[in-house]
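J.:
Chains as they are written, first to last, in our numbering: chain A, 24 to 133; chain B, 5 to 116.
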């Protein structure tokens, strides 16, 4: 049931863009995105709900394709502070628990 | 507000010992959960609670017990520690399943 994230790792230069994908084999009710810096706790980025509602930070962009059971996180004009591991969490089954993917490691170089 | 607090920050146990990881939140959140994080495996849900007196199992509940007697506290008990339970443990709380989860700073547990 664990969602699959791709790519596993990506290296960018400052100012470049990246897309992180999250896909599930089961129907999703919501997708949650978090970022974790080394040695720290995960921090909330965005929630995308079935039906189109989104909750999150203004500078973060993401999409949720309910039919394809996929979500993508868009990081534009990357900054050094974007470095970290990005996790997607999926709600499979209404009102059920969250299952997180293995994470995508993003490194932004100057 | 302190947010979500966890104690201890570090712990070393011997195989077979038991202990309780403490978690408290001061945001009046109904939804609380415990995760373990191992390299390359992301966050795996151990147990969760949707309110005081209500708990349920996550993906990897074996070897762990929880209880939720108050809204604020959600302790995680290791019954008989095993080396496979060496991990970083995070507690999180939110206003609901589809709310922003606030994570505690984590407890790094080593079982020898």
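We put the beta carbon where it would ideally sit given N, CA and C, even for glycine.
In this text, all values refer to a predicted model and were calculated from it rather than measured experimentally.
So is residue 115 of chain A in contact with chain B if we call contact Cβ pairs under 9 Å?
T.: no
J.: Span of the beta strand (DSSP E) holding residue 114 of chain A?
T.: 107–115
J.: Just to confirm before moving on: does the CB-CB distance between residue 121 of chain A and residue 37 of chain B stay below 9 Å?
T.: Yes.
J.: For residue 48 of chain A, does the three-state DSSP call read helix, strand or coil?
T.: coil
J.: Measure the beta-carbon distance from residue 24 of chain B to residue 80 of chain B and round it to whole angstroms, keeping in mind my assumption that it falls under 8 Å.
T.: 7 Å
J.: The beta strand (DSSP E) that contains residue 71 of chain A, what's its start and end?
T.: 66–72
J.: How far does the beta strand (DSSP E) with residue 79 of chain A in it reach, from first residue to last?
T.: First-last of the beta strand (DSSP E) with residue 79 of chain A: 77–79.
J.: Do you know offhand how far residue 59 of chain B's Cα is from residue 69 of chain B's?
T.: 10 Å
J.: State yes or no: is the beta carbon of residue 45 of chain B nearer than 9 Å to at least one beta carbon in chain A?
T.: yes
J.: Using 8 Å as the cut-off, can you tell me whether the segment 10–30 of chain B makes contact with the segment 70–77 of chain B, which would need three or more C-beta pairs spanning the two stretches below that distance?
T.: yes
J.: If we ignore side chains and look at the alpha-carbon of each, how far apart do residue 53 of chain B and residue 35 of chain B end up?
T.: Near 6 Å, if we compare the C-alpha coordinates of residue 35 of chain B and residue 53 of chain B.
J.: Give the DSSP bridge partners of residue 14 of chain B, in chain order.
T.: B/112
J.: Tell me the residue span of the beta strand (DSSP E) that contains residue 83 of chain A.
T.: Boundaries for residue 83 of chain A: no beta strand (DSSP E) harbours it, and the DSSP string shows neither H nor E there.
J.: Around the Cβ of residue 28 of chain A, are there at least 16 other Cβ atoms within 10 angstroms (buried) or fewer (exposed)?
T.: buried
J.: For the putative contact between residue 85 of chain A and residue 69 of chain A, defined by C-beta atoms under 8 Å, what is the C-beta separation to the nearest angstrom?
T.: 5 Å
J.: The segment 102–113 of chain B: which residues have C-beta closer than 9 Å to a C-beta of chain A, in chain order?
T.: 102, 103, 104, 105, 106, 107, 108, 109, 110
J.: So with CB distances below 9 Å, who are the chain B contacts of residue 125 of chain A?
T.: 44, 45, 46
J.: Counting only C-beta atoms, is residue 70 of chain A closer than 9 Å to chain B at any point?
T.: With 9 Å as the cut-off, residue 70 of chain A counts as an interface residue toward chain B.
J.: State the start and end residues of the unbroken beta strand (DSSP E) segment that holds residue 36 of chain B.
T.: 35–41
J.: Pick out whichever of A/96, A/76, A/39 has its Cα sitting closest to the Cα of residue 56 of chain A.
T.: A/96
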